[in-house]
Amino acid sequence: MPILDLYEHGDHRKNLAHFATLASLAAVDGEINPKEMAILEKFAFKLNISEDEFKVVMKKENKYPIETPHSGEQRYKRLFEFFQMIFSDHDIDDEERRIVEKYAIGLGFSPKSAAEIIDKSIKIFTGRIPFEDYHELVKRKS
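Counting in our numbering, the sequence shown runs from -9 upward without gaps.
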């Protein structure tokens, strides 16, 4: 039984799915180097992944496919949810950003679009957006 099937609770299942995808992306070139492992451990903490879950996901025989949503809105929603988790500590470092870019490309964004979306998302999540963008966002009707 896949580890994801063990979780009925939606939020934790979603976090575990995000983490499993990240682990698969990190291992795509064959091995996970120490720097990537440190980043995965950091993400596991942010996503509330237990030590046992971490071990199961990190087994070499576990390869979790990236579930690419068909709609553009769903892709943005997954990336938004992921940014909410990343910024739980109000920070993103260069290695995390590199993995987020891989994640965005895995969701179906082109490398160029992924970089642009991530740049904008970082500005939004860190509160460093220009006034014009802020103004446009707040005057939209919900």
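Every residue, glycine too, gets a C-beta built ideally from N, C-alpha and C.
Please read these numbers as outputs of a predicted model, since none were measured by experiment.
Asked                                                                                                                    : Found
For I76 and K36, believed in contact at Cβ under 8 angstroms, the rounded distance                                       : 7 angstroms
Straight-line gap, R34 to S40 (C-alpha atoms, nearest Å)                                                                 : Reading off the sequence, residue 34 comes out as Ala, not Arg. Between A34 and S40, the C-alpha separation is close to 8 angstroms.
As assigned by DSSP and simplified to three states, the class of A94                                                     : helix
Coarse secondary structure for S61, derived from DSSP in three states                                                    : coil
Burial state of R68, where buried means 16 or more other Cβ atoms lie within 10 Å                                        : buried
Beta-carbon proximity of L30 to A16, cut-off 7 angstroms                                                                 : yes
I108 vs P101 beta-carbon contact at 7 angstroms                                                                          : no
Rounded C-alpha distance that separates N5 from I22                                                                      : 20 angstroms
Assigned secondary structure, T116 (DSSP; H/G/I helix, E/B strand, else coil)                                            : coil
Nearest neighbour of E86, chosen from R3, G20, A28 [CA to CA]                                                            : A28
For R118 and L97, believed in contact at Cβ under 8 angstroms, the rounded distance                                      : About 24 angstroms separates the two Cβ atoms, so there is no contact after all.
F72 beta carbon less than 7 angstroms from that of H8                                                                    : yes
Nonlocal neighbours in the same chain, by C-beta distance under 7 angstroms from Y93, ignoring five residues either side : T11, L12, L15, F72
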